[in-house]
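*Asks:* Let me give you the structure first, and then I'll get to my questions.
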Amino acid sequence: MATTDAGHTSDVHVHEGHDSHDHDHPSYLAHHFDTPEQQFDSGKLGMWLFLVTEILFFSGMFCAYAIFRAWRPEVFEGCSQFLNTKLGAINTGVLLFSSFTMAWAVRCAQLEEHKKLASLLATTLCCAMVFLGVKAIEYSHKWHLGLLPAGLFTYDPANPHPEGGPNYLAYICAPFAVATIGVVIWLVVAFIRDAKFQVAVAKPLVFVCLSFFGGVGLGMILESGETPEHHGSDHVAAVHGDAEHGEHSGAEHGDAEHGDAEHGDAEHGDAEHSDTEDSEAEHGEGQQGDATDPEAADVAEVESTDPQPVVLQDPGSMMRDESDDLVVLERLASDATNTGLQDELSARRAQSQLSEGAITYDRTDDSSATIASTDDNVLRPSRAGVFFSIYYCMTGVHAIHILAGVGVLIWLLVRAIRQDFNRNYFGPVDYVGLYWHLVDLIWIYLFPLMYLIR
Amino acid sequence: MSAGSVPSGYEVSDPGFPTKEENYLTNSKGILSWMFTLDHKRIGMMYLVGVSVAFLVAGLLALGIRLHLLAPDGWLFNQSIFQWLAPEKAPNDIYNQVFTLHGAIMVFLFIIPSVPAALGNFLVPVMLGAKDVAFPRLNLSSFYLWVAGAVFFVMALLASGLDTGWTFYTPYSTTTDSSVILATTGAFILGFSSIFTGLNFIVTINTMRPPGMTWFRMPLFLWATYATSIIQVLATPVLGITLLLLIAERTMHIGIFDPEYNGDPVTFQHFFWFYSHPAVYIMILPAFGIISELISVHSHKRIFGYRFIAYSSIAIALLGFLVWGHHMFTAGMSQMTTIIFSALTFTVSVPSAIKVFNWLATMWKGSISLTTPMMYAISFIFLFTIGGLTGLHLGTLATDQHLHDTYFVVAHFHYVMVGGTLVAFLGGVFHWWPKMVGVMYSELGGRISAVLVFLGFNLTFLPQFVLGSRGMPRRYATYDPEFQSLHAMSTYGALLLGVGLFFALGVLIHSLLRGKRAPANPWGGATLEWNCTSPPPFYNFDRAPVVGDPYEFGDIVWDSVQERYVKIEPKREVVPETPAEQPAHAGGKDE
Amino acid sequence: MAPATMSLLGDYTNDFAFFPESASTFSADIDWVFYFISIVCLLFFIPIIVALFGFAWKYKKDKGLPAESQKDHNTTIELVWSIGPSFLLVVMFFFGARGYLSQRSIPEGAYEIGVKSMKWSWAMDYGNGVIHPELHVVVGEPTKLTMTSDDVIHSLYIPAFRVKKDVVPGRYNYMWFKATRPSEKVAKEELDRVTQRYKETGDAWDYDREQFTPDGYRFYDLYCTEYCGTSHSEMQTVVVVHETREELEAWIKKYSARPEGEEPAVYGQKLYERRGCKSCHSLDGSRMVGPSYQGSFGTMRQLADGESVRFDENYVRESILYPKAKVAAGYQPVMPSYKGQLSDDDVYSLVEFIKSLGDPSVVAAAEGDSEEGADETSAADGEGSAPAEEPATQDDAA
């Protein structure tokens with residue numbers, strides 16, 4: 000990272016006439032610093048500031064996560080089922096272990112244990128590559144299913160495993176394969192030419208590159224070995240979750256309707272949604288489907304003919320036409336206790352009577368006019384995409400940070416093998432260590448937020 | 000003591016002129032020695048040239064805007080030459096692109112790097128008494144990031160322009176077919192340039208202070224730079240992620256900001272202003288620092304209320320993070336949020352007011368020289384006071400409902416950004432010009448430029464307050480005929496302002512060709528940069544500087560024979576190593 | 000002499016007045032707060048400037064002369080000028096928040112008007128399918144606007160009422176006001192004269208030039224204040240304040256549908272002007288945001304996806320209801336859908352209007368070709384958008 004500039008040596012002096020300034024400077028001390036301590040402190044402070052900017056950089060996305068989760072908890076709960084907790088957990092473990100080896104490496108640099116330092120750095124690198132390998136499996140699997148950001152989201156619950164499509168995993172693996180081959184060739188050439196230093200650098204790098212494929216293999220075993228039950232259970236869980244959620248929010252809605260009418264009004268955007276989910280749950284349980292609801296009928300048909308792939312309901316309900324909502328509303332409102340819905344329905348009728356598509360919309364509380372309470376049709380196309388947008392943004396930016404970390408760690412590895420560090424000069428190892436811990440820490444937050452909280 | 004005399008028992012200490020080998024400008028030759036330099040002074044000078052070019056471009060665009068608004072149906076871009084230049088574009092489109100690029104270039108390429116990166120890079124280590132900034136390579140890379148960002152903006156301009164306004168509001172920016180991605184990538188890169196500069200200054204000021212330079216013996220310019228750097232480091236990453244999400248929104252439709260995919264455009268505004276409001280203080284805080292120096296040095300009087308000014312800079316930096324919502328008073332935030340943001344907005348005005356009062360108190364009973372920098376400083380106080388006070392109309396919720404997004408806002412922030420930052424920047428350039436390049440400019444020419452800029456500026460923007468309160472919305476390419484007379488006044492003012500700015504440029508260029516050699520201390524300043532030669536040597540200080548009180552003018556006297564200020568010290572035989580006045584003043588100042 | 004000077008001054012003050020006319024209950028309040036803040040500011044500004052220039056003049060000294068004083072702090076006075084002005088700030092905040100809250104507290108039973116904004120026109124929805132770009136309200140009656148946008152963010156601003164609110168896609172924003180000054184009506188003779196002139200020239204109504212609406216009302220300006228693209232500065236309309244509710248309802252009735260006996264093509268032209276078509280489509284062949292109507296009916300049209308289609312009734316209808324289905328080559332798919340906003344008779348009128356602009360020979364040929372489509376169009380009436388969907392499904396199938 001650029002902040003490790005503090006470590007640069009003074010071989011770049013433009014002006015020779017001022018060498019007198021550096022008469023007692025050791026080679027690792029930059030010309031403008033007075034003492035190694037000053038240099039170390041500057042580097043450390045710089046690194047901490049850089050980490051602050053990193054945290055703020057990620058905080059934007061954490062904010063987006065919080066905002067959208069607060070607006071559409073059901074989408075997040077439903078979509079989180081698509082993430083494989085086991086893969087996430089393994090990656091968490093791998094990163095935690097790499098943080099440990101990194102911290103140990105800093106200690107070794109201080110104690111001038113050069114061999115140990117190099118091997119610990121190599122271990123950290125291997126862990127990073129395993130992490131990326133597992134990530135490659137996760138990403139390629141989701142791309143295959145069409146679980147993509149909002150605008151590209153193509154997941155079809157009726158056909159969750161589309162045939163064909165590009166082999167995403169091969170695309171991801173290709174650059175790593177090229178790198179591996181390159182490193183192996185380098186090792187062989189260096190070995191033949193008897194370049195000891197190059198051999199010493201290339202040897203650990205071969206392991207590092209191979210560990211990416213180790214990660215891919217690990218991911219494949221977990222993903223493919225358990226896919227049938229795993230997905231089955233996941234999808235069933237999703238349906239249960241939805242049904243539960245539907246009931247839950249139904250109960251909430253009941254509360255609202257017993258409360259004052261205004262409250263019910265303000266909430267009706269949510270309520271409406273949970274109602275559609277109610278109806279979904281009913282369909283799922285095999286009750287009489289509504290004939291006017293072609294898509295729901297479709298879903299029911301798929302279920303009856305092919306019970307094996309249990310269909311996840313949530314994404315289906317996200318793409319339904321608005322006219323369905325009104326039908327569902329009407330049916331639900333026929334229950335005399337459902338006064339809130341009746342209000343809603345009469346409001347809608349009044350509206351459509353006023354003029355078709357007229358936009359007068361009756362709501363008294365101005366301050367609640369947020370995106371969450373707007374007319375449903377603006378929320379219509381592929382709601383689930385928002386979850387995956389945030390998922391890809393956060394994990395993607397995190398993966399870029401891992402890649403950057405890999406680059407810096409390789410640089411450190413080379414310098415460690417060159418035995419550049421000593422008890423007075425171990426700053427770069429320390430700074431990269433801090434950076435690595437931060438990257439690890441961010442994952443520690445990402446894992447529960449994305450995979451676990453449901 | 001009378002002018003030109005040196006009291007007995009004292010001797011003159013003057014570093015004289017640098018030799019060719021010492022002078023940082025001439026000690027190594029060739030374009031490569033500049034391109035790969037790690038010397039903060041040369042990087043500062045490269046920044047100065049860079050931001051000046053950016054300012055020239057954006058300033059010409061501003062003249063284009065004003066000339067177009069000469070007539071209610073538009074004038075300049077209706078001319079047939081523009082149909083020939085850009086046959087695909089309607090005059091309105093050209094106008095929209097011009098004001099967008101004017102704003103974006105001014106903000107991202109000029110104002111934000113102007114004082115911190117150009118003047119700051121040159122001055123921070125010298126004022127501090129350090130040899131260089133903490134991370135010289137990072138410093139150079141930050142300059143090249145600035146260049147890369149500028150290249151992206153030029154590419155955006157050449158590709159299909161940019162018509163989103165510098166604020167990139169969604170969903171307009173996600174749906175327009177202009178080169179939003181190129182421009183946002185440019186702004187993203189410039190953000191990192193700004194972060195690196197800020198990070199460098201914080202570390203430099205924290206760890207590179209020489210012995211004797213305590214926090215409260217730092218010149219106020221350093222305090223202001225420190226506060227600015229804090230904002231740069233804390234706010235800019237949020238802009239980075241916002242722009243990244245915007246790019247993702249355009250390429251992948253991630254549905255966070257775009258309502259077509261369930262996103263919320265107002266969330267973008269929150270994200271954007273969380274950076275961009277503090278960025279306003281990135282622009283104005285260093286200007287406060289410059290003015291504190293200018294007023295004190297050219298009044299030859301200790302700055303009044305040093306600690307109040309220093310703390311108020313930090314207070315502004317921190318409070319600036321809490322007020323971004325006042326850009327969205329009409330966007331439909333909840334009532335409570337709106338009222339809280341309004342209340343917080345008022346609190347920011349207090350530390351700004353403190354500074355104005357302190358500067359006036361510094362001038363009181365001073366020994367004022369009406370030099371060019373001082374004239375710029377006086378016009379700064381005049382213009383900034385207007386800019387600050389009209390901010391109250393906008394922070395007040397009821398009146399903001401009427402004034403938001405009208406020319407009143409345009410006039411308000413131009414009074415702060417141009418009347419404040421630009422005038423302070425010019426004042427700073429004129430003040431430190433002898434130090435930076437080692438020549439004196441024509442004093443008369445400099446004063447004329449200051450007066451022209453002052454008059455032209457007021458003529459341009461005072462009418463815009465009235466336009467705004469009468470209901471003229473901003474970013475309009477055409478307008479109702481009843482606004483024409485005020486618009487015409489504003490346009491003539493802009494032309495006068497342009498003349499003034501070109502005049503200032505001419506004065507500086509003339510000085511490079513014909514200027515007298517500058518003495519080490521032409522103004523009588525007491526901060527450390529006046530202790531080294533003009534221009535400073537490569538390593539800034541030949542011997543470790545004696546850190547004294549930055550605002551103690553008692554031992555600086557005018558040498559009328561050689562037309563320079565010199566520092567007088569007790570004769571060396573009396574106290575050979577440690578000058579007597581240093582501990583005395585240190586004790587007086589440090590309380 | 001004196002009266003001449005006064006009148007000159009009168010002109011002058013009129014031209015350079017601080018505020019537009021005051022026509023709502025908010026405007027007096029807001030003007031008062033504005034003047035209050037301005038006076039407080041002047042009370043600070045004048046002493047500051049007097050001190051600034053005064054000190055610069057009084058303490059200007061030759062080089063080398065020391066300052067009279069080196070006093071560098073006085074904690075008492077610094078605390079006074081730090082804390083003192085804060086009390087005035089609290090007062091300003093209080094008045095500001097009070098005025099703001101009254102703008103946000105929408106009274107019960109306000110007269111409701113829907114507002115939809117799109118690039119670059121306004122559609123005020125008076126219920127019963129009456130959508131008109133002018134905003135008409137009643138004096139002394141609270142009016143609530145429920146606003147949303149079709150494309151990008153706009154902002155509705157009525158300077159005379161001192162109200163402004165962003166119109167954001169994907170959410171509803173609200174605004175209310177009570178107008179206090181009814182719009183004057185111009186004399187009937189003048190209205191007739193001007194109307195006659197427009198009839199002769201066939202130009203679109205120029206509000207700025209005439210300073211009254213085609214119905215003969217003086218008006219207040221309504222601007223878009225959030226930058227929204229090419230024609231942002233032309234995204235203006237007018238506000239007319241009626242004396243009574245009956246007058247307003249009469250006006251609404253006038254625009255509720257095609258008047259008996261009016262030719263569809265004539266009514267279509269009115270819709271063209273009223274419903275925002277004219278901000279993107281010219282009638283004289285000049286290129287605007289969308290293609291011109293002139294001479295296009297009956298021709299073959301090149302589409303953006305490389306195919307071509309005959310410009311007939313079906314195509315016009317589909318393009319109005321589903322604009323993004325078949326986009327003309329060389330244009331951006333920016334047109335908002337008018338589905339649900341135009342009755343079938345409206346669409347029919349527009350089709351007839353556009354047809355009337357085509358080359359007569361080509362039109363006749365096209366009519367022969369697509370008789371079926373024309374029948375369908377004219378047969379469709381009143382309720383439901385079922386027939387409207389048909390072209391779309393055909394398109395989907397293709």
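In the order they appear, the protein sequences are chains A, B and C. Quick note, the first sequence lines up with residues 0 to 453 if you use numbering that gives the first Met the number 0. Quick note, the second sequence lines up with residues 0 to 590 if you use numbering that gives the first Met the number 0. Quick note, the third sequence lines up with residues 0 to 397 if you use numbering that gives the first Met the number 0. Don't be surprised by glycine CBs; every beta carbon is placed ideally from N, CA and C. Treat the numbers as computed from the prediction; the structure is a model and nothing was measured.
(1) Should Gly92/A be labelled buried (16 or more other beta-carbon atoms within 10 Å of its own) or exposed?
(2) Is there at least one Cβ from chain B nearer than 9 Å to Thr236/C's Cβ?
(3) Using the beta-carbon count (16 or more within 10 Å), is Met299/C buried or exposed?
(4) Express the C-alpha separation of Met416/B and Ala103/B in angstroms, rounding to a whole number.
(5) Around the Cβ of Phe35/B, are there at least 16 other Cβ atoms within 10 angstroms (buried) or fewer (exposed)?
(6) Identify every residue that forms a DSSP beta bridge with Phe176/C.
(7) List the residues that DSSP assigns as beta-bridge partners of Met123/C.
(8) Interface residues of chain B around Val240/C at Cβ under 7 Å?
(9) Sorted by chain position, which residues of the same chain lie with C-beta nearer than 7 Å to Lys277/C's C-beta, five sequence neighbours on each side aside?
(10) Tell me which same chain residues have a C-beta within less than 8 Å of the C-beta of Glu209/C, skipping the five on either side of it?
(11) Looking at the C-beta of Ser230/C, does it have a partner C-beta in chain B at a distance below 9 Å?
(12) With burial defined as no fewer than 16 other Cβ atoms inside 10 Å of the residue's Cβ, what is the status of Asn73/C: buried or exposed?
(13) Where Gly214/A and Arg422/A are concerned, what is the direct C-alpha to C-alpha distance, given to the nearest angstrom?
(14) Flag Ala324/C as yes if its beta-carbon sits less than 9 Å from any beta-carbon of chain B, otherwise no.
(15) Could you pull the start and end residues of the beta strand (DSSP E) that Arg196/C belongs to?
(16) Can you have a look at Gln96/B and say buried or exposed, based on whether 16 or more other CB atoms are within 10 angstroms of its CB?
(17) The segment 462 to 492 of chain B: which residues have C-beta closer than 8 Å to a C-beta of chain C, in chain order?
(18) Would the segment 381 to 397 of chain B count as touching the segment 135 to 148 of chain C if we require 3 or more Cβ pairs under 8 Å?
(19) Assign Arg563/B to one of three DSSP states: helix, strand, or coil.
(20) Near Val133/A, what residues of its chain come up, given a Cβ to Cβ distance below 7 Å and the 5 sequence neighbours on each side ignored?
(21) Could you check whether the segment 364 to 375 of chain B touches the segment 316 to 331 of chain B, counting it as contact only if at least three pairs of C-beta atoms, one from each stretch, sit closer than 8 Å?
(22) With a threshold of 16 other CB atoms inside 10 Å of the CB of Val298/A, please say whether the residue is buried or exposed.
(23) Tell me the DSSP bridge mates of Lys515/B?
(24) If we call anything under 9 Å between Cβ atoms a contact, is Pro218/B one with His297/B?
(25) Whole-angstrom Cβ separation of Pro158/C and Asp220/C, contact assumed at under 8 Å?
(26) Given Asp386/A, which residues of its chain have a CB within under 6 Å of its CB, disregarding the five upstream and five downstream residues?
(27) Could you say which of Ala519/B, Gly128/B, Asp479/B and Gly427/B lies nearest to Arg208/B if we only look at CA atoms?
(28) Quick check on the DSSP output: what are the complete alpha helix (DSSP H) runs of length 4 or more inside the segment 143 to 197 of chain A, in order along the chain?
(29) Among Ile567/B, Asp72/B and Leu495/B, which one has its Cα closest to the Cα of Phe482/B?
(30) Between Phe296/C, Asp71/C, Lys115/C and His231/C, which has its C-alpha nearest Arg170/C's C-alpha?
(31) Please tell me whether Leu144/C has its Cβ less than 9 Å away from any Cβ of chain B.
(32) Give a yes or no on whether the minimum CB-CB distance between Tyr280/B and chain C is below 9 Å.
(33) Under 9 Å between beta-carbons, which chain B residues line up against Val167/C? List them in chain order, please.
(34) Locate the beta strand (DSSP E) running through Tyr414/B, then write down its first and last residues.
(35) Give me the Cα-Cα distance between Val452/B and Ala53/B, rounded to the nearest whole angstrom.
(36) Considering only C-alpha positions, which residue in the set Pro106/C, Ser154/C, Gln102/C and Pro84/C is nearest to Asp165/C?
*Replies:* According to the structure data:
(1) Here residue 92/A is taken as the residue at index 93 of the first sequence, counted from 1. So Gly92/A counts as exposed.
(2) One-based indexing of the third sequence puts residue 236/C at position 237. Taking Cβ atoms only, chain B never reaches closer than 9 Å to Thr236/C, which makes this a no.
(3) What you label residue 299/C is simply residue 300 of the third sequence in a count that begins at 1. With fewer than 16 other Cβ atoms inside 10 Å of its own Cβ, Met299/C counts as exposed.
(4) Along the second sequence, one-based indexing puts residue 103/B at 104. Along the second sequence, one-based indexing puts residue 416/B at 417. Approximately 13 Å, taken between the alpha carbons.
(5) Within the second sequence, the letter at position 36 stands for residue 35/B. The residue in question, Phe35/B, is exposed, as its Cβ has fewer than 16 Cβ neighbours within 10 Å.
(6) Against the third sequence, residue 176/C aligns to sequence position 177. Phe176/C pairs with Thr142/C.
(7) Here residue 123/C refers to the residue found at position 124 when the third sequence is read from its first residue. Val114/C and His131/C, per the DSSP bridge assignment.
(8) As a first step, residue 240/C must be located in the third sequence, where it is residue number 241. In chain order: nothing, as chain B lies at least about 17 Å away.
(9) For the purposes of this step, residue 277/C is taken as the residue at position 278 of the third sequence. Result list for Lys277/C: Ala203 and Tyr271, in chain order.
(10) Locating residue 209/C in the third sequence gives position 210, counting from the first residue. Hits under 8 Å: Val193.
(11) For the purposes of this step, residue 230/C is taken as the residue at position 231 of the third sequence. So yes, Ser230/C belongs to the interface.
(12) Stepping through the third sequence from its first residue, residue 73/C is reached at position 74. By the neighbour-count rule (16 or more Cβ atoms within 10 Å), Asn73/C is not buried but exposed.
(13) In the first sequence, counting from the first residue as 1, residue 214/A sits at position 215. In the first sequence, counting from the first residue as 1, residue 422/A sits at position 423. The alpha-carbon atoms of Gly214/A and Arg422/A are separated by roughly 35 Å.
(14) Residue 324/C sits at position 325 when you count from the first residue of the third sequence. Chain B contact via Cβ: absent.
(15) Numbered from its first residue, the third sequence carries residue 196/C at position 197. Counting along the chain, Arg196/C falls outside any beta strand (DSSP E), though it belongs to the alpha helix (DSSP H) covering Lys187 to Thr200.
(16) For the purposes of this step, residue 96/B is taken as residue 97 along the second sequence, with counting starting at 1. It is buried - the Cβ of Gln96/B has at least 16 other Cβ atoms within 10 Å.
(17) Val465, Ser468, Arg469, Gly470, Pro472, Arg473, Arg474, Tyr475, Ala476, Thr477, Tyr478, Asp479, Pro480, Glu481, Ser484 and Leu485
(18) no
(19) On the second sequence, residue 563/B is found 564 positions in, with the first residue counted as 1. Arg563/B: strand per DSSP, three-state reduction.
(20) In the first sequence, residue 133/A corresponds to position 134, counting from 1. Result list for Val133/A: Leu86, Ile89, Asn90, Gly214, Leu217 and Gly218, in chain order.
(21) no
(22) Numbered from its first residue, the first sequence carries residue 298/A at position 299. Low per-residue confidence applies at Val298/A: pLDDT is 38, beneath 50, and the placement is therefore not dependable, though the value from the model is reported in the following sentence. By the 10 Å Cβ count, Val298/A comes out buried.
(23) The residue labelled residue 515/B in the question sits at position 516 within the second sequence. Met439/B.
(24) For this step, residue 218/B is matched to residue 219 along the second sequence. For this step, residue 297/B is matched to residue 298 along the second sequence. It is not a contact, given that the beta carbons lie outside the stated cut-off.
(25) Taking the first residue of the third sequence as position 1, residue 158/C is located at position 159. Taking the first residue of the third sequence as position 1, residue 220/C is located at position 221. Confirmed, Cβ separation roughly 6 Å.
(26) Locating residue 386/A in the first sequence gives position 387, counting from the first residue. It is Phe, not Asp, that sits at residue 386/A in the sequence shown. Excluding sequence neighbours, Phe386/A sits near Val74, Phe75 and Cys78.
(27) On the second sequence, residue 208/B is found 209 positions in, with the first residue counted as 1. Looking at the Cα atoms, Gly128/B is the closest of the given residues.
(28) 167 to 191
(29) On the second sequence, residue 482/B is found 483 positions in, with the first residue counted as 1. With distances taken between CA atoms, Phe482/B lies nearest to Asp72/B out of Ile567/B, Asp72/B and Leu495/B.
(30) Working through the third sequence from its first residue, we reach residue 170/C at position 171. Of the candidates Phe296/C, Asp71/C, Lys115/C and His231/C, the one whose C-alpha sits nearest the C-alpha of Arg170/C is Lys115/C.
(31) By 1-based counting over the third sequence, the position of residue 144/C is 145. Not closer than 9 Å to any Cβ of chain B, the Cβ of Leu144/C fails to qualify, so no.
(32) Reading the second sequence from its first residue, position 281 is the one you call residue 280/B. For Tyr280/B, the answer is no, since every Cβ of chain C falls outside 9 Å of its Cβ.
(33) Here residue 167/C corresponds to residue number 168 of the third sequence, with the count starting at 1. Within 9 Å Cβ-Cβ: Pro258, Asp263, Pro264, Val265, Ala330 and Gly331.
(34) Along the second sequence, read from residue 1 onward, the residue named residue 414/B stands at position 415. Not the beta strand (DSSP E): Tyr414/B falls in the alpha helix (DSSP H), residues Tyr406 to Val415.
(35) Position 453 of the second sequence, counted from the first residue, corresponds to residue 452/B. Position 54 of the second sequence, counted from the first residue, corresponds to residue 53/B. If you take the alpha carbons of Val452/B and Ala53/B, they lie about 19 Å apart.
(36) Locating residue 165/C in the third sequence gives position 166, counting from the first residue. With distances taken between Cα atoms, Asp165/C lies closest to Ser154/C.
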